[in-house]
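Visitor:
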Amino acid sequence: MIRRHGIWAALLILAWGLWINPDLKTIAGGVALFLFGMVCLEQGFKALAGGLLEQGLRRSTDRLWKSIGFGIATTSLTQSSTLVSLITISFVSAEMIKLAAGIGIIMGANLGTTTGAWLIAAVGLRVDMAAYALPALVFGVVLALQKSLTRRGLGYIILGIGFLFFGIAYIKIGFDTFQDGWDLSQYMIPGLLGVLIFTGIGMAMTVVMQSSHATLLVIIAALASGQVSYEAALGMAIGANLGSAVTTAIGGLTANLAGKRLALAHVLFNVFTAAVAIALIQQMVWMVDYLAGFLGIQDDLLFQLALFHTLFNVLGVLMLAPFVGLMERLLTRYVQFDSPNRAKPRYLYPGALETPATAVSALNKEVSHLYDNAHDLITHGVSLRRATIASKDSLEDAVRNTRRIISLDVDDEYEYKVKSLHNAIIAFISEIQGQALSENDGARIFALQQASRDIVEAVKATKHLHKNLIQYGVSSQPTARHAYDRIRLQIAQTLREIGALRAQESETVTRLSLDAFKISVENFAKTLTAQINQNVRMRALSPAVATSILNDEKYAVEICVNLLDAAAALLQPESAQERAAEGTLALDEEDRAQISTAREAVDHGDPKSTR
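All residue numbers for the sequence shown refer to UniProt numbering, where the first residue is 1 and numbers rise by one.
#1: Determine the direct distance from the alpha carbon of Glu413 to that of Ala398, and round the result to whole angstroms.
#2: On the three-state DSSP scale, how would you describe Thr355?
#3: Just to confirm the assignment, what range does the alpha helix (DSSP H) spanning Tyr347 have?
#4: Counting beta carbon pairs with one atom in the stretch 448–462 and one in the stretch 478–489, are three or more of them shorter than 8 Å?
#5: Drop a sphere of 10 angstroms on the beta-carbon of Pro478, count the other beta-carbons inside from all chains shown, and report buried for 16 or more, exposed for fewer.
#6: Report yes if the C-beta distance between Gly37 and Phe165 is below 9 Å; otherwise report no.
#7: Using CA atoms only, rank isn't needed, just tell me which of Ala233, Leu370, Arg404, Asn270 is closest to Leu384.
#8: Closer than 8 Å to a non-hydrogen atom of the ligand SAH - does that hold for the CB of Leu326?
#9: Our contact map puts Leu363 next to Phe428 with C-beta atoms below 8 Å; I'd like the distance itself, whole angstroms only.
#10: Could you pull the start and end residues of the alpha helix (DSSP H) that Pro322 belongs to?
#11: Please return the same chain residues whose Cβ sits closer than 6 Å to the Cβ of Leu143, not counting the five positions on each side in sequence.
#12: Given a cut-off of 9 Å, decide if Leu320 and Tyr170 are closer than it, judged by their beta-carbon atoms.
#13: Using a Cβ-Cβ cutoff of less than 6 Å, which residues in the same chain neighbour Ile68 once the five nearest sequence positions on both sides are dropped?
#14: For Val228, which three-state DSSP category applies?
#15: Find out if the Cβ-Cβ distance for the pair Leu24, Gly200 is shorter than 9 Å.
#16: Quick one: Cα of Val92 to Cα of Leu223, how far?
#17: Go ahead and label Gly17 buried or exposed: buried means 16 or more other beta carbons lie within 10 angstroms of its beta carbon, across all protein chains shown.
#18: Would you call the CB atoms of Val456 and Ala374 closer than 9 Å?
#19: Quick one: using the 10 Å Cβ neighbour count with 16 as the cut-off for buried, is Pro190 buried or exposed?
#20: Under DSSP, the alpha helix (DSSP H) around Gly69 begins and ends at which residues?
#21: Thinking just about the alpha-carbon of each residue, which of Met205, Arg261, Leu262, Ser225 is nearest to the one in Gly235?
#22: So, with DSSP's three-state summary, where would you put Gly473?
#23: For Tyr472 versus Ala480, is the C-beta spacing smaller than 9 Å?
#24: Using a Cβ-Cβ cut-off of 7 Å (strictly less than) and excluding sequence neighbours within five positions of Thr115, which residues of its own chain qualify?
#25: Using only alpha-carbon positions, find the residue among Ile220, Asn241, Ala232 that is nearest to Ser211.
#26: Does the pairing of the stretch 290–302 with the stretch 212–231 give three or more beta-carbon distances under 8 Å?
#27: Which word fits Ala258, buried or exposed, when buried means at least 16 other C-beta atoms lie within 10 angstroms of its C-beta?
#28: Starting from Tyr290, follow the alpha helix (DSSP H) in both directions and report where the run begins and ends.
#29: According to DSSP, is Ser542 part of a helix, a strand, or is it coil?
#30: Checking 9 Å against the spacing of the C-beta atoms, do Ser229 and Ser81 come in under that value?
#31: Rank Ala458, Ile470, Gln572 by C-alpha distance to the C-alpha of Arg502 and give the top, closest one.
#32: Tell me the DSSP secondary structure of Pro478 in three-state form.
#33: How is the alpha helix (DSSP H) around Gly202 delimited, first residue to last?
#34: Measure the alpha-carbon distance for Leu376 versus Leu41 and round it to whole angstroms.
#35: Any idea what DSSP makes of Ser420, helix, strand or coil?
#36: Is the beta carbon of Ala136 closer than 9 Å to that of Gly162?
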């Protein structure tokens, strides 16, 4: 509720501020243009770089110094630590880079933000940026309207630069005007308390604007116009660093556990750096004065602010870089965000490892639990209800009467309901394999591990199928709708068949019944393919839609076959003798092919097929 109404509250406060002081509108407009320029820059670099940023991430993670260097370089280039941080979180979440490498990149990104402060101090307020903004917008728009992705990306970058220039110019004008009507310097509080207050102000500004670069621009402009003192500007610069971590933390809310750990590492790093900068503020100011005299900028407060911003970020990296490995271990060990939506193992507990028999039994039950979760996900993925599958109602009617496709985030459901259990099953199996196992137990464990993989693959196929089902599942085009109804019906029949077999006594279930149903799945695929080809020839379907249907038919077959194979493992007899007997009854690929061919011949009225 807070998130839903927060934006409207913020807009009302902004409107009130602009009403009581119209001079603020120039500053607010400049900030808006600057932020929009940052958005254009991000879009441009994403389009222009393509996969280069991702490839660079992979290659720059084998050494900590490489990770830090990559963070510095990419943030300096894109002028967006948020972009680099969020991409890094996504890579850590996908386990494509390690947590330690992600921490290194975040450290480098913090250092990279200092280049923005230097650029703004050097040219942002000393040159008429508006004179260069209009030409940049003209060239940017022309390129952004091109079809080529590279040209569009370059166009967005130039547009972003143009809007940045406009934003800087308006903020400078706004503070010059603002100074004549309202002198903020009269509210300055000397000493540490003043630094802390302005640290909070800088943090709040960054959280609201979601850009530390925009905050630094406002700080430097305010300092240049005399609206804030040098000491207050230092506090606001520290606060800008703290606020940037909030943006990463918000991005980490939607990540998995590894991504949340990296987001927390970013917060801890920035809080530590800010605490050190505040605690050593007098020493830091002395160091800035000393280096400013050495560099010849002792009379330029803007450069001194940029130097201070650089120094405390460098200090934070130097102090924490040796402990990145320790941070990774502590975060991995103690940070365990437990989502209420995440499925937990029901049967895998340390006591189950006491004997191979109890371990195999627990594993069988947990894989069955995984199947139940996947059953629900797949059922909803084809817009049906579990109660419908479990009942004796007509599946044809249920499919035909579907009026809308159930909205489902398959990625989230997979992450919380399937992948978490599959990971726990794999970890449990690795513990079992450390014991002395009989050949019978080893074979059973292998079969259950494969069943777990089959279930996961069925869910992944559902994710692909669901995307097109949203578009064509209730299509007004009857031919496409009918084809997807047949796909949904086949999956529903498979789920019902497996449910019926699981409900029977295990000794009455044979592999033969599952193999027989697998033949019907294969025949369904052949029949549907032939029908789709005929529809294309008759112009009843476009080739594009037909391609989507045929791809989804393949996913449907994968779902059905993987579920049938998983069910075969779950329903397998416990003893080796019973499994061997069942194996002699099971059909191999050649047997199924012969039966399938015979059925097709019967369907086409070939009398030789029955001889």
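Cβ atoms here follow ideal geometry from the backbone N, Cα and C, with glycine treated the same way.
Guide: According to the data block:
#1: Between the C-alpha atoms of Ala398 and Glu413 there is a straight-line separation of about 23 Å.
#2: In this structure, Thr355 counts as coil in the three-state DSSP scheme.
#3: Per DSSP, Tyr347 belongs to no alpha helix (DSSP H) and is neither H nor E.
#4: No, the stretch 478–489 is not in contact with the stretch 448–462.
#5: Exposed, by the Cβ-count rule.
#6: In this structure, Gly37 lies near Phe165, with their beta-carbon atoms less than 9 Å apart.
#7: Answer by Cα proximity: Arg404.
#8: Annotation note on the ligand SAH: not contained in the displayed structure, which lists no ligands.
#9: By a beta-carbon distance limit of 8 Å, Leu363 contacts Phe428. Their separation comes to about 6 Å.
#10: According to the DSSP assignment, Pro322 belongs to no alpha helix (DSSP H), since it is labelled neither H nor E.
#11: Taken in chain order, the residues that qualify are Arg151, Leu154, Gly155.
#12: No; because the gap between Cβ atoms is not below 9 Å, this pair is not in contact.
#13: Setting aside the 5 residues that flank it on each side, Ile68 is surrounded in the same chain by Gly104, Met107, Gly108, each with a C-beta closer than 6 Å to its C-beta; the list follows chain order.
#14: It is coil, neither helix nor strand.
#15: No.
#16: Distance between the alpha carbons of Val92 and Leu223: 39 Å.
#17: It is exposed - the Cβ of Gly17 has fewer than 16 other Cβ atoms within 10 Å.
#18: Yes, the pair counts as a contact, with Cβ atoms nearer than the cut-off.
#19: Answer is exposed; the Cβ neighbour count stays below 16.
#20: For Gly69, the enclosing alpha helix (DSSP H) covers residues 64–78.
#21: For the residues Met205, Arg261, Leu262, Ser225, the minimum Cα distance to Gly235 belongs to Met205.
#22: DSSP, reduced to helix, strand and coil, places Gly473 outside both helices and strands of the structure shown, so it counts as coil.
#23: Yes, the Cβ-Cβ distance between Tyr472 and Ala480 is below 9 Å.
#24: Excluding positions up to five away in sequence, the list reads Ser76.
#25: Nearest C-alpha to Ser211: Asn241.
#26: When C-beta atoms of the stretch 290–302 are compared with those of the stretch 212–231, three or more pairs fall below 8 Å, so the two segments count as touching.
#27: So Ala258 ends up on the buried side.
#28: Tyr290: member of the alpha helix (DSSP H) spanning 281–295, first to last residue.
#29: In the three-state reduction of the DSSP assignment, Ser542 falls in the coil class.
#30: One thing to note: Ser229 has its Cβ no nearer than 9 Å to the Cβ of Ser81.
#31: With respect to the C-alpha of Arg502, the residue from Ala458, Ile470, Gln572 having the closest C-alpha is Gln572.
#32: Correct three-state label for Pro478: helix.
#33: Counting along the chain, the alpha helix (DSSP H) containing Gly202 begins and ends at 191–209.
#34: Note that residue 376 is Asp in the sequence shown here, rather than Leu. As the crow flies, the alpha-carbon of Asp376 is around 43 Å from that of Leu41.
#35: Ser420 falls in the helix class under three-state DSSP.
#36: Cβ atoms of Gly162 and Ala136: closer than 9 Å.
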